[in-house]
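This report refers to the structure that appears directly beneath it.
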Amino acid sequence: MARGELNETIIFCKNRATASFVHEQLQSFEHEVVLWNSFNNDHEKTARIYVATDGAARGIDLPRLSHVINYDLSHYSVDFLHRIGRVGRLGSFFLGRVTSFVRTKREVRLTNAVELASRLGRPLVGTDLDVSIENKYPEL
Numbered sequence: 001m002a003r004g005e006l007n008e009t010i011i012f013c014k015n016r017a018t019a020s021f022v023h024e025q026l027q028s029f030e031h032e033v034v035l036w037n038s039f040n041n042d043h044e045k046t047a048r049i050y051v052a053t054d055g056a057a058r059g060i061d062l063p064r065l066s067h068v069i070n071y072d073l074s075h076y077s078v079d080f081l082h083r084i085g086r087v088g089r090l091g092s093f094f095l096g097r098v099t100s101f102v103r104t105k106r107e108v109r110l111t112n113a114v115e116l117a118s119r120l121g122r123p124l125v126g127t128d129l130d131v132s133i134e135n136k137y138p139e140l
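Residue 139 in UniProt numbering sits at position 139 of the sequence shown, and the numbers go up by one each step.
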């Protein structure tokens, strides 16, 4: 990302430890970066780069967001869709770009399915999108 651009990037991590690590690494290179997690969820702070966990980033709107980076994919497909849906929104100043670092066969299948559905303008099928709390947290 060129320093002269006025866009914003959000990097999603699936847990606080990874988010803290990524935040520290970016700070060490003197990037303007804000960390959002369950302990530090101050949405009033602004930066060019945000590092966030899924829960901490819910309900935010970044009109200058141009890039979502999935440092690691979330455990649930619906969280992945919420992440990538943050770019290219109506009223956004920038076209959206998504970069996902995939490590497993499941992650490859998910990213391929989302990309194909997007390119063809069709609904996403064959992907578990159940978000009920009973399925996410069966011990409750």
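Using N, Cα and C, we set each Cβ at its ideal position, and we do this for glycine too.
Minimum C-alpha distance to residue i - residue among the options
i	options	result
residue 23	48, 94 and 105	48
residue 78	114, 121 and 61	114
residue 73	86, 94, 44 and 108	108
residue 80	40, 61 and 54	54
residue 14	86, 75 and 88	75
residue 32	104, 103 and 10	10
Within 8 Å, strictly: CB atoms of residue i and residue j
i	j	result
residue 38	residue 52	no
residue 66	residue 95	yes
residue 111	residue 118	no
residue 62	residue 86	yes
residue 159	residue 64	Beyond the ends of the chain as shown, which are 1 and 140, falls residue 159; an answer cannot be given.
residue 60	residue 82	no
Environment of residue i [buried if 16+ CB atoms lie within 10 Å]
i	result
residue 28	exposed
residue 19	buried
residue 70	buried
residue 12	buried
residue 120	exposed
residue 116	exposed
Own chain partners of residue i with C-beta closer than 6 Å, once the 5 adjacent residues on each side are dropped
i	result
residue 84	68 and 98
residue 140	Legend: pLDDT at residue 140 = 33, less than 50; position of this residue unreliable, value from coordinates given subsequently. Nothing listed; no residue qualifies.
Spatial neighbours of residue i in its chain, beta-carbon cut-off 8 Å, leaving aside the 5 residues before and after
i	result
residue 30	none
residue 46	34
Beta-carbon contacts of residue i that lie in its chain and below 7 Å, excluding the five residues immediately before and after
i	result
residue 103	none
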